[in-house]
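Everything on this sheet refers to the single structure shown next.
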Amino acid sequence: MTSKIINMAERLKDNEDRLLESMFASAPIADDGFSAMIEKNVRRRLWLRRLILPVATLVGALVSFKPLAGLVTALASLTSLLPKELLNAPQQLVPQLPMIVLGAMLLATCLLALRALED
Amino acid sequence: MTSLADNELVARAASSQDAAAFGELVRRHQSHVRNFLRKLSGDVTTADDLAQDCFMHAWDKLHTFSGRGSFIGWLLKVAYTTFLQSKRKSKRYAEILEEVGHDAEARSRTHSVQADEVTDLDRFLAVLSEEERAVMVMSYACGLSHREISEATSMPVGTVKSVIFRGKEKIRTNFDIKDHQHG
Numbered sequence: 166m167t168s169k170i171i172n173m174a175e176r177l178k179d180n181e182d183r184l185l186e187s188m189f190a191s192a193p194i195a196d197d198g199f200s201a202m203i204e205k206n207v208r209r210r211l212w213l214r215r216l217i218l219p220v221a222t223l224v225g226a227l228v229s230f231k232p233l234a235g236l237v238t239a240l241a242s243l244t245s246l247l248p249k250e251l252l253n254a255p256q257q258l259v260p261q262l263p264m265i266v267l268g269a270m271l272l273a274t275c276l277l278a279l280r281a282l283e284d
Numbered sequence: 084m085t086s087l088a089d090n091e092l093v094a095r096a097a098s099s100q101d102a103a104a105f106g107e108l109v110r111r112h113q114s115h116v117r118n119f120l121r122k123l124s125g126d127v128t129t130a131d132d133l134a135q136d137c138f139m140h141a142w143d144k145l146h147t148f149s150g151r152g153s154f155i156g157w158l159l160k161v162a163y164t165t166f167l168q169s170k171r172k173s174k175r176y177a178e179i180l181e182e183v184g185h186d187a188e189a190r191s192r193t194h195s196v197q198a199d200e201v202t203d204l205d206r207f208l209a210v211l212s213e214e215e216r217a218v219m220v221m222s223y224a225c226g227l228s229h230r231e232i233s234e235a236t237s238m239p240v241g242t243v244k245s246v247i248f249r250g251k252e253k254i255r256t257n258f259d260i261k262d263h264q265h266g
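Protein sequences, first through last, are from chains A and B.
All the letters of the first sequence, read from the start, carry residue numbers 166 to 284 under my numbering.
All the letters of the second sequence, read from the start, carry residue numbers 84 to 266 under my numbering.
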């Protein structure tokens, strides 16, 4: 109710208000490709945003490949120090472990591919 | 797309990152935003550059539009913020130029309107402060309500009213507005 009264009061313009409105009025500005340019910039920004994550992942993988390979080799050499029973324990507890790991990896890949397709 | 209301286009653009929906919003409101910035900055090229920045900021912040007020009100808020930010940056740039002794360049950057291009409206706007100019343009050129101006400028409605009153008073004391035609 109060806001309606305020709006009514605003609408009650005097001659001076109408004169000011006519003085401040200006012809509409022609688009002349302005909105097309903004739309193009927006599309470019969207593409960049979509590319950043895969490119960063690729660069990260390339940069970290050598140190990671060294780490894996070092860890593999460490396993020779562990007793054999300890190494076989997870496989004995969960015999389907290799299948579970493979399944999880496939699921993650599918989810990533679906997200990329959606984009 | 042209038959959809602003709020539907905003929802579409924000939720599914639809550039075409945003393009339609730009087509609808570019004239208002560019006119507003031209009147504020007094320079066509600067205003169009600012309008570009404004629409890109609007794209980034589209999810913050609640849909309670009008979209043009929200857009003019983004435009006004963009204008103030650019003004702060160019002021700092002018100060740096002054510090290193490029006074002439610094002066030319702050006064870009040519004397022969000055219209009646430019003379009216020149007597107003920056804040008064923004509020008067939003009210009389863009047709925003006091509430919408209050949201766009983050001023209380009462302050908006007194700024408009003060602006009108200044124009009245400096010009005989009945003798002027719109410019």
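We put the CB at the ideal spot given by N, CA and C, even for glycine.
Keep in mind that this is a model prediction, so the values were computed, not measured.
About 6 Å separates the Cβ atoms of Val-246 of chain B and Glu-214 of chain B, confirming a contact at the 8 Å cut-off. The shortest CA-to-CA distance from Ala-103 of chain B to any of A:Asp-182, A:Leu-218, A:Met-202 and A:Leu-216 is the one to A:Met-202.
At a C-beta separation below 9 Å, Glu-186 of chain A has these neighbours in chain B: Ser-222, Tyr-223, Ala-224, Gly-226 and His-265. For Arg-110 of chain B, the C-beta contacts it makes with chain A under 7 Å involve Asp-196 and Ser-200, in order along the chain.
Listed along chain A, the residues sitting closer than 7 Å to Met-139 of chain B by beta-carbon distance are Asn-206. Inter-residue distance for Val-218 of chain B and Arg-183 of chain A is about 16 Å (C-alpha atoms, whole angstroms). For Gln-261 of chain A, the three-state secondary structure derived from DSSP is coil.
The beta-carbon separation of Glu-231 of chain B and Ser-124 of chain B, rounded to 21 Å, does not stay under the 8 Å limit for a contact.
For Pro-232 of chain A, the enclosing alpha helix (DSSP H) starts and ends at 199–244. If you compare the alpha carbons of B:His-112, B:Arg-121, B:Phe-105 and B:Ser-99 with that of Phe-189 of chain A, the shortest gap goes to B:Arg-121. Using a Cβ-Cβ distance cut-off of 8 Å, the segment 90–108 of chain B and the segment 167–175 of chain B are not in contact, since fewer than three pairs of beta carbons, one from each stretch, lie closer than that value. Distance from the CA atom of Arg-216 of chain B to the CA atom of His-112 of chain B, rounded to whole angstroms, is 20 Å. Phe-148 of chain B has its alpha-carbon roughly 30 Å from the corresponding atom of Leu-279 of chain A. Look at Pro-255 of chain A here: in three-state DSSP terms it is helix. For the segment 213–229 of chain A, no residue has a beta-carbon sitting nearer than 7 Å to a beta-carbon of chain B. In the three-state DSSP reduction, Leu-267 of chain A falls in the helix class (H, G or I). Take Lys-249 of chain A, set aside five residues on each side of it, and no residue of its chain has a beta-carbon closer than 7 Å to its own. The Cβ atoms of Ala-97 of chain B and Leu-159 of chain B do not sit closer than 7 Å to each other.
Given a length threshold of 4 residues, each whole run of the alpha helix (DSSP H) inside the segment 100–170 of chain B is given here in chain order: 102–124 and 127–144. The three-state reading of DSSP puts Met-219 of chain B in helix, counting H, G and I together. When the Cα atoms are used, Gly-198 of chain A and Leu-216 of chain A turn out to be separated by approximately 27 Å. Of all C-beta pairs linking the segment 124–141 of chain B to the segment 203–211 of chain A, three or more are shorter than 8 Å, placing the two stretches in contact. Contact annotation: Tyr-223 of chain B and Leu-185 of chain A have beta-carbon atoms nearer than 7 Å. In this structure, Leu-211 of chain A lies near Gln-100 of chain B, with their beta-carbon atoms less than 7 Å apart.
Around Leu-211 of chain A, the beta-carbon contacts reaching into chain B at under 7 Å are Gln-100 and Ala-102. Listed in chain order, the non-local C-beta contacts of Ala-134 of chain B below 6 Å within the same chain comprise Val-116, Arg-117 and Leu-120, local neighbours out to five positions each way being set aside.
Residue contact check for Pro-260 of chain A against chain B: no CB pair falls below 7 Å. Counting the other Cβ atoms within 10 Å of the Cβ of Phe-230 of chain A gives fewer than 16, which makes it exposed. Assignment of Cys-225 of chain B by DSSP, reduced to helix, strand and coil, places it in the coil class.
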